[in-house]
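Presented below is the structure to which this report refers.
Numbering (the working numbering), first residue to last: 3 to 102.
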C-alpha cells in the first residue's frame, strides 16, 4: 500500500467525490445501459456526466485513483468501467485506525 499515492489521490476534491459516489453508484451517477454497476462498474461516460467535467479530465482522475489502488478497472469491448477496490479501501481504513 503506497500511502503517499493514496493521500495524493484523495487530496483532490473531485477524485474524492468520485470515490464517494462509487460507493453507491446507482445513486451517485446517471443510469447506464450496459451491465450491473455493482458487478461491472460504472462507465466513464456516466462518471463524466455525474461530475460535469471533460472526459480527458475524468479519465486522468480515474487513472490516478487506479494507480493508488482505490478503484478497479474492467474493459468490456470499447468501454471502460470503474468500481471501488473495497479490499484496498478496507485495508487503508484498518491501517488508519491502528497507526494514526
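Idealized CB from N, CA, C, for every residue including glycine.
Query raised in the report: Can you round the beta-carbon distance between residue 63 and residue 14 to whole angstroms, since I take them to be within the 8 Å contact cut?
Result: 7 Å
Query raised in the report: residue 85 bridges to which residues according to DSSP?
Result: 74
Query raised in the report: Do the CB positions of residue 11 and residue 66 come within less than 7 Å of each other?
Result: yes
Query raised in the report: Quick one: what's got a C-beta closer than 7 Å to residue 17's C-beta in the same chain, skipping five residues either side?
Result: 11, 63, 66, 67
Query raised in the report: Beta-carbon separation of residue 43 and residue 69 under 7 Å?
Result: no
Query raised in the report: For the putative contact between residue 21 and residue 86, defined by C-beta atoms under 8 Å, what is the C-beta separation to the nearest angstrom?
Result: 7 Å
Query raised in the report: With DSSP run on the structure shown, which of helix, strand or coil describes residue 44?
Result: strand
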